[in-house]
Amino acid sequence: MTDDQIKKKTQETAKKLFGKGVKMDPPYLMWKEFDKDLANDFSRFITGNLYSRTVLSLPERQMVACAILAAINATDELRLHVNAALNVGCDPAKLTEVFFQVATYAGMPAVNQALEVYRDVLKERGEWPVKRAQV
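Residue numbers 5 to 139, in the working numbering, belong to the letters of the sequence shown in order.
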């Protein structure tokens, strides 16, 4: 892929993920304050190359990202990715289930933190309360 093609793919993927919903600055803006060229390299790799691969769909990638971020208690990043997950069509009931699954590996404090972030994002988007999954 040419540099222009990667740049275009980065912008398209970023728009799908982060184009609506929660109003917060993506980490990319902070990265640019320190090193614009490196920020562009990171963005092209993460969003233009990795997230645009088709082995996993964007909703699948976002569920993985949300599970990992919940497990490591990265709440600011989780807020960004919960919003992105909803933007690309993740089923809210499945996302809830993902957060409860984290209990097995990271404990209930991680689940509680993740659910709090998730609820806040849903409220900001006007999508609270979320429907419960059928068991």
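Just so it is clear, CB atoms sit at the ideal spot from N, CA and C, and this is done for glycine as well.
Query: Given a cut-off of 8 angstroms on the beta-carbon distance, is the pair Gly93 and Pro63 in contact?; Result: yes
Query: Gln66: which of Gly111, Phe38, Lys20 sits nearest, CA to CA?; Result: Lys20
Query: Relative to the alpha-carbon of Arg48, which residue among Ala74, Asp8, Ser61, Val102 has its alpha-carbon at the smallest distance?; Result: Asp8
Query: Grab me the residues of Val121's own chain with a C-beta within less than 7 angstroms of its C-beta, minus the 5 sequence neighbours each way, in chain order.; Result: Thr79, Leu82, Arg83, Val86
Query: Using the beta-carbon count (16 or more within 10 Å), is Gln168 buried or exposed?; Result: With the chain covering only 5 through 139, there is no way to say anything about residue 168.
Query: Please classify Gly23: is it buried, with 16 or more other beta-carbons within 10 angstroms of its beta-carbon, or exposed?; Result: exposed
Query: What is the C-beta distance between Thr14 and Gly52, in whole angstroms, given that I count them as a contact (C-beta under 8 angstroms)?; Result: 3 angstroms
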